[in-house]
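Student: Protein chains in written order, with this note's numbering: chain A, 1 to 146; chain B, 1001 to 1799. Beta carbons: idealized from backbone N, C-alpha and C, even for Gly.
(1) Which residues of chain B have a Cβ atom closer than 9 Å to the Cβ of residue 139 of chain A, listed in chain order?
(2) Flag this pair as touching only if the stretch 1513-1532 of chain B and the stretch 1389-1407 of chain B have three or more C-beta atom pairs under 8 Å; answer yes or no.
(3) How long is the line joining the alpha carbons of residue 1033 of chain B and residue 1674 of chain B, rounded to whole angstroms?
(4) Using beta carbons (cut-off 9 Å, strictly below), is residue 1320 of chain B in contact with chain A?
(5) Taking residue 1120 of chain B as the reference, give the member of B:1229, B:1269 and B:1760 with the closest Cα.
(6) I'd like to know whether the C-beta atoms of residue 1101 of chain B and residue 1451 of chain B end up nearer to each other than 9 Å.
(7) Taking the alpha carbon of residue 1714 of chain B as the reference point, which residue from B:1756, B:1636, B:1625 and B:1686 has its own alpha carbon closest?
(8) Just curious, the beta strand (DSSP E) that residue 1399 of chain B is in, first and last residue?
(9) Would you please verify whether the beta carbon of residue 1584 of chain B is less than 9 Å from any beta carbon of chain A?
(10) Sorted by chain position, which residues of the same chain lie with C-beta nearer than 7 Å to residue 117 of chain A's C-beta, five sequence neighbours on each side aside?
(11) Decide if the stretch 1743-1760 of chain B is in contact with the stretch 1646-1662 of chain B; the criterion is three or more beta carbon pairs, one per stretch, under 8 Å apart.
(12) Could you confirm whether any beta carbon from chain A is found closer than 9 Å to the beta carbon of residue 1426 of chain B?
(13) Would you grab the beta carbon distance between residue 1074 of chain B and residue 1360 of chain B for me? Rounded to a whole angstrom, and I think it's under 8 Å.
(14) In chain A, what lies closer than 7 Å to residue 1437 of chain B by C-beta?
(15) Find the nearest neighbour of residue 1135 of chain B within the set B:1118, B:1157 and B:1608, judged by alpha-carbon distance.
(16) Would you please verify whether the beta carbon of residue 36 of chain A is less than 9 Å from any beta carbon of chain B?
(17) Determine the DSSP secondary structure at residue 12 of chain A, reduced to helix, strand or coil.
(18) Is any beta-carbon of chain B found at less than 9 Å from that of residue 10 of chain A?
(19) Please check the pair residue 1435 of chain B and residue 1003 of chain B, which I expect to be a contact at CB under 8 Å, by giving their CB distance rounded to whole angstroms.
(20) Within its chain, find whatever has a CB closer than 6 Å to the CB of residue 1253 of chain B; leave out the 5 residues flanking it on each side and keep chain order.
(21) Going by CA-CA distance only, name the one from B:1424, B:1580, B:1236 and B:1284 that's closest to residue 1209 of chain B.
(22) Just to confirm the assignment, what range does the beta strand (DSSP E) spanning residue 1114 of chain B have?
(23) Please confirm whether residue 64 of chain A has its beta-carbon closer than 9 Å to some beta-carbon of chain B.
(24) Going along the chain, which residues of its own chain have a beta-carbon closer than 7 Å to the beta-carbon of residue 1139 of chain B, five neighbours each way excluded?
(25) Identify the contact partners of residue 1656 of chain B in chain E, using a Cβ-Cβ distance below 9 Å as the criterion.
(26) Report back the beta-carbon spacing between residue 1189 of chain B and residue 1243 of chain B to the nearest angstrom; my notes put them in contact at under 8 Å.
(27) Contact check, residue 1716 of chain B vs residue 51 of chain A under 8 Å by CB: the rounded distance?
(28) Residue 125 of chain A: buried (16+ other C-beta within 10 angstroms of its C-beta) or exposed?
(29) Leaving out five residues before and five after residue 1409 of chain B in sequence, what residues of the same chain have Cβ atoms less than 7 Å from its Cβ?
(30) Round the Cβ separation of residue 97 of chain A and residue 84 of chain A to the nearest angstrom and send it over; I've been treating them as touching at under 8 Å.
(31) Taking the alpha-carbon positions, what's the residue 1382 of chain B to residue 1356 of chain B distance?
(32) What did DSSP end up calling residue 64 of chain A once you bin it into helix, strand or coil?
(33) Which residues mark the beginning and the end of the beta strand (DSSP E) in which residue 1728 of chain B is found?
(34) Output the boundary residues of the alpha helix (DSSP H) element that contains residue 1483 of chain B.
(35) Count the CB pairs spanning the stretch 1054-1065 of chain B and the stretch 1261-1281 of chain B that are closer than 8 Å, and state whether there are at least three.
(36) Strictly below 9 Å CB to CB, what residues from chain A border residue 1665 of chain B?
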């Protein structure tokens, strides 16, 4: 498995820069990918991001595959106007809770902030044998099953 | 934070002019609200499109109404009203159980004891329960005995309990049917109790719950029976519950497993023995009447249980042998009902107002718009549909209401960690999702798992469905999906001045060809994925007789659905059923032996595996899906074929088709269909444009198209990850045009409807809507074509 580099490493810094440029270029698109629009807000030509940075691609996959409990999501609090970051409870009936006070004026910026938060939060080597725990016997292995 | 103070639903999706539609509104807080009927034109708030558009209708019911809170009492159970025969002095209870959540998290939405078989209310009566620690518990009035042995989830157990009034002896048995090497023995537990059974008047006997209270609160009118609030909803299967009126020995309990079998005595009294027949109060057999809302009592009193909130039936019982997979062939092995604490078949609210739809009302998308002075808002969508024979246009838009029901109150962004992996970005939740994450009683979608983790295969429209709402972006697309996405097409029809009627899946399912044959052209929604058999029959019959069909989306005709016949007396299409079987894109997977619908008894799963290939309907079928961003199409040389070149008038050959749009930023996106002559595309189908090679890594080939896990299945690599726009003629001057992408209609409103996707769709619709058969192609086009003509040599296996 590809480790998730610490935020202070050169690898992480490169990925953060690439991620930010991709997200900025997606502003205006009714959708989102970690890819760079040649013309901002226009998906006719997209390059870079997950298609060209292998490490960024794999790190994002691991982050995306995490199970629901504690997972970060975006909540639109005012249609077309305001968005915030929240965390899933993983318990049926317990709603997501906001984790920051920051209110975004577009739906793309929280994607990047969540990437930064996860770089801080995710263990570098989870998924290797030294992290074996009983939950692996019932799929609690940080890779959710759909 | 309070997310939605108002929610509501109507008694109908589709209403005829001259008929009445009833609306049910929950207004939790505001003292009053305004209601008005609006015509829906465009639901997408994206600032790059035309924005939200509705038109107020001058309706008699428009006005101010008193705000009244209404509750949903979800959770399925069976009950028999209070009868003296249940009010015994001594008792024996027994059943098999397969619990799914014997222990729940303290914050779980219905944490607490679960009732199995109970005649117990407020510390009086008897009942078998699962306690908070996940152990079987026997209650005799306010006294309790338990084994102290936790139940294994997802495994069968036989449980039984008896109480002898004369001796005070209570015995509890818990006998796991699966015993592993290191499992401790669970001996029976007995205890002397000093109590005499007493009962709360009016309390019912309940299976999979217990009587929480009897109340005359107006809210409790929505419960069944009215005024009786059931609590302790059980998650899991129950098979063969029995109640006897004396304390049986363990041997008698064993014999009683046979049930009230009259065949064991020539006198045909209840069995299984003469002595036991005298003791039976009730002996239910859920294998009888699987397609009903009744739990059959085979005992002498015929205490048939009313089954509430439509739990899942046709489920394998404790005795299923794995030899017969269709419940109709061995109902005695399908005696289990799987109850869920979030099952809901009908919110049963009080009517808030009703609208008598005036004759002559145009057939369109409508909604009851609800607002308060504080800015609260909700919409209750419905459709005015002409009676058969009273069509008012040459064009019909077929609203994919079964698909709307399949997605009803979908919870994936909240429930499923995998949602983010699927959409390749962090999901965005809206107020509807936030409300539902807290209000599990509104039930889920057929994409969800129940609160106990099991697959959800039944969906009712008699509840507020917050995903069928305008101004709602779905996490899958970060854009409108289903209902609000279909209004992209409606906006375009309105903008271009077309006269059109709307009909629903429900209308086509119940009326068949008659519903379609008076239209020159039928237009589908953007994602008609879920379909009944009668609906597919009607579409084929229509095109066979010269009908024209425009398939405006993708991933259509995929899953087998049936409306549950037990609800037909309440109206059309109340509850739809679907099972996710061995293949197809599945958010959950049915267990072995549970592939057949409980309602109609038909095999569920993909139409493809019933021999109805997706590609037979409109010429293309599902190839791939991905949800990050969309792309555009290029024309192929086949677009210049005289059979179809008329569709591209005003479009240059080299134009990028649809490199703009309100879903993913392009016309080719989210879910994609392609031509495949080996999967039912007619061999004369023309591929006129394709998006091949332009999709992202987030797009993946569907799993039913390959048999072997392998690399290279994503949009940056696999040639079948693409969308094909395709055309083919049908007999008698009919034809089908398949646009083959769910995002496609999102390009129509771009630049106020002035764009090349709009030109293409306009050319097709103008030709298809003409009276009389379409012109025949040139004689040279009529040639013999084998499916394999397109195939590579040495690769002719059909799969």
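Tutor: On the basis of the coordinates in this document:
(1) By Cβ distance, chain B contributes nothing, its closest Cβ being about 11 Å from residue 139 of chain A, past 9 Å.
(2) With the cut-off at 8 Å, the stretch 1513-1532 of chain B and the stretch 1389-1407 of chain B touch.
(3) In this model, residue 1033 of chain B and residue 1674 of chain B are separated by some 48 Å (Cα to Cα).
(4) No, its Cβ sits nowhere closer than 9 Å to a Cβ of chain A.
(5) Selection B:1229, B:1269 and B:1760 evaluated against residue 1120 of chain B yields B:1229 as nearest (Cα-Cα).
(6) Closer than 9 Å, so yes.
(7) Selected option, being the one with the closest Cα: B:1625.
(8) Its beta strand (DSSP E) spans residues 1395-1399.
(9) The beta carbon of residue 1584 of chain B sits no closer than 9 Å to any beta carbon of chain A.
(10) 72, listed in sequence order.
(11) Result yes; three or more Cβ-Cβ pairs closer than 8 Å.
(12) Residue contact check for residue 1426 of chain B against chain A: a CB pair falls below 9 Å.
(13) About 40 Å; that fails the 8 Å criterion.
(14) Result: 95 and 96.
(15) Scanning B:1118, B:1157 and B:1608 for the CA closest to the CA of residue 1135 of chain B turns up B:1157.
(16) By the rule that beta-carbons nearer than 9 Å mark a contact, residue 36 of chain A does not touch chain B.
(17) Residue 12 of chain A: helix per DSSP, three-state reduction.
(18) Closer than 9 Å: no.
(19) About 4 Å separates the two Cβ atoms, so the contact holds.
(20) So the qualifying residues of the chain are 1094 and 1160.
(21) Checked all of B:1424, B:1580, B:1236 and B:1284; the closest Cα to residue 1209 of chain B is B:1236.
(22) Run containing residue 1114 of chain B: 1114-1121, per the beta strand (DSSP E) assignment.
(23) Look at residue 64 of chain A: its C-beta is under 9 Å from a C-beta on chain B.
(24) Excluding its 5 nearest sequence neighbours in each direction, residue 1139 of chain B has C-beta neighbours in its own chain below 7 Å: 1120, 1126, 1127 and 1129, listed in chain order.
(25) Judged by its chain identifiers, the structure shown contains no chain E, and its protein chains are A and B.
(26) Residue 1189 of chain B to residue 1243 of chain B, Cβ: 20 Å. No contact.
(27) For residue 1716 of chain B against residue 51 of chain A, the beta-carbon gap comes to about 6 Å, under 8 Å, which counts as contact.
(28) By the neighbour-count criterion, in which a residue is buried when 16 or more other Cβ atoms sit within 10 angstroms of its Cβ, residue 125 of chain A is exposed.
(29) Cβ neighbours of residue 1409 of chain B beyond the five flanking positions: 1436, 1442, 1443, 1444, 1445, 1465, 1466 and 1467.
(30) Not quite, the Cβ-Cβ distance comes to about 10 Å (not below 8 Å), so this is no contact.
(31) Going from the Cα of residue 1382 of chain B to the Cα of residue 1356 of chain B covers about 13 Å.
(32) When secondary structure is reduced to three states using DSSP, residue 64 of chain A falls in the helix class.
(33) Where residue 1728 of chain B is concerned, the enclosing beta strand (DSSP E) stretches over 1724-1730.
(34) Looking at the DSSP string, the run of the alpha helix (DSSP H) that includes residue 1483 of chain B is 1483-1495.
(35) The stretch 1054-1065 of chain B is not in contact with the stretch 1261-1281 of chain B.
(36) Against chain A, the beta carbon of residue 1665 of chain B has neighbours under 9 Å at 26, 28, 29, 30, 31, 37, 41, 42, 43 and 44, listed in chain order.
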